[in-house]
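Q: Here's a structure for you.
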Amino acid sequence: ALGIYQTSIDGRLMTEFILAGFTFEGMERATMSGFDEILVGFPWRGDMYEFPIGTVFTQQCLDGWIEGESYLGIVGFPEFTERETISHPLTVPLNLRFEIIAKYPTYSVAGRMYENVVEVSYSQNVADPNDGTIADEAGRQWYAPGIGLIRSSSDDPMFAETLNFELVHTNLW
Numbered sequence: 031a032l033g034i035y036q037t038s039i040d041g042r043l044m045t046e047f048i049l050a051g052f053t054f055e056g057m058e059r060a061t062m063s064g065f066d067e068i069l070v071g072f073p074w075r076g077d078m079y080e081f082p083i084g085t086v087f088t089q090q091c092l093d094g095w096i097e098g099e100s101y102l103g104i105v106g107f108p109e110f111t112e113r114e115t116i117s118h119p120l121t122v123p124l125n126l127r128f129e130i131i132a133k134y135p136t137y138s139v140a141g142r143m144y145e146n147v148v149e150v151s152y153s154q155n156v157a158d159p160n161d162g163t164i165a166d167e168a169g170r171q172w173y174a175p176g177i178g179l180i181r182s183s184s185d186d187p188m189f190a191e192t193l194n195f196e197l198v199h200t201n202l203w
């Protein structure tokens, strides 16, 4: 079995959403490395299903390095396109808690069936390293072995509503 924690994460996230009739496109690519441990990496384990319901994982701080790039644009309005390169040390004080609340031998998301899915309730508050403001978030997430996050439901205080996401496509299939 792998360890519970990871020491680096490579990721790319591409998004498209429509707001007030405008289509926004975004892309972020980043590598976070040099961490002693990253609890948020634990759901990618292939054997999370083996942990009993009620298992709790917590973490208090992330300390390492991040580098990558981001892009945000509005379709049809190239003058509002923003690109940014990221390369700096990263220290994030946080209070992160995951608890396994359910396990499913099979679980369907967006028409695709997954096996050995774990449902996790999570809560976190993160202090912004620039100004110290604290952002709270809570919700539920579903993870499939070898894939990672396949579904998420969280209460977003910024939008004052519940945000729901489902995995539609990945290159891991």
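Just so you know, the sequence shown maps onto residues 31 to 203 in the working numbering. Each residue gets a CB set at the ideal place from its N, CA and C atoms; glycine is no exception. Note that the structure is a prediction, hence the values are computed from the model and not measured.
Alpha carbon to alpha carbon, what distance is there between A174 and F81?
A: Each residue's Cα considered, the two are about 14 angstroms apart.
Q: List the residues that DSSP assigns as beta-bridge partners of Y101.
A: Bridge partners of Y101: M57, R113.
Q: Does the beta-carbon of V86 have 16 or more other beta-carbons within 10 angstroms, so that it is buried, or is it exposed?
A: Under this definition V86 is an exposed residue.
Q: Between which two residues does the beta strand (DSSP E) carrying I164 extend?
A: That run of the beta strand (DSSP E) goes 164-174.
Q: W172 to G106, Cα distance in whole Å?
A: Their backbone Cα atoms lie some 35 angstroms apart in a straight line.
Q: With distances taken from CA atoms, which of Q154, H199, Q89 is nearest G178?
A: Checked all of Q154, H199, Q89; the closest Cα to G178 is H199.
Q: Within its chain, find whatever has a CB closer than 6 angstroms to the CB of M57; leave out the 5 residues flanking it on each side and keep chain order.
A: Counting only Cβ-Cβ distances below 6 angstroms, and skipping sequence neighbours, we find M44, Y101.
Q: Roughly how many angstroms separate the alpha carbons of G33 and P108, rounded to a whole number?
A: Below a pLDDT of 50, predicted positions are generally treated as unreliable, and G33, at 36, falls in that range; the measurement from the model is reported next regardless. If I take the Cα positions, the gap works out to 45 angstroms.
Q: Give the straight-line distance between the Cα atoms of D40 and M62, rounded to the nearest whole angstrom.
A: Rounded to the nearest angstrom, the two C-alpha atoms are 7 angstroms apart.
Q: Can you give the Cα-Cα distance for L126 and Y144, rounded to whole angstroms?
A: Whole-angstrom Cα-Cα distance: 26 angstroms.
Q: By a C-beta neighbour count over all protein chains shown, 10 Å radius and 16 as the cutoff for buried, is F52 buried or exposed?
A: With fewer than 16 other Cβ atoms within 10 Å, it is exposed.
Q: I believe T111 touches G103 by the beta-carbon criterion, under 8 angstroms. Please report the beta-carbon distance rounded to the nearest angstrom.
A: Confirmed, about 4 angstroms.
Q: Under a Cβ-count criterion, where at least 16 other Cβ atoms within 10 Å of its own Cβ denotes burial, should F47 be classed as buried or exposed?
A: Looking at its Cβ environment, which holds fewer than 16 other Cβ atoms inside 10 Å, F47 is exposed.
Q: Counting only the same chain and skipping the five closest in sequence on each side, list residues whose C-beta sits under 6 angstroms from that of E196.
A: Cβ neighbours of E196 beyond the five flanking positions: V139, A140, R181.
Q: Out of T136, I96, Y137, state which residue places its alpha-carbon closest to the alpha-carbon of L120.
A: Looking at the Cα atoms, I96 is the closest of the given residues.
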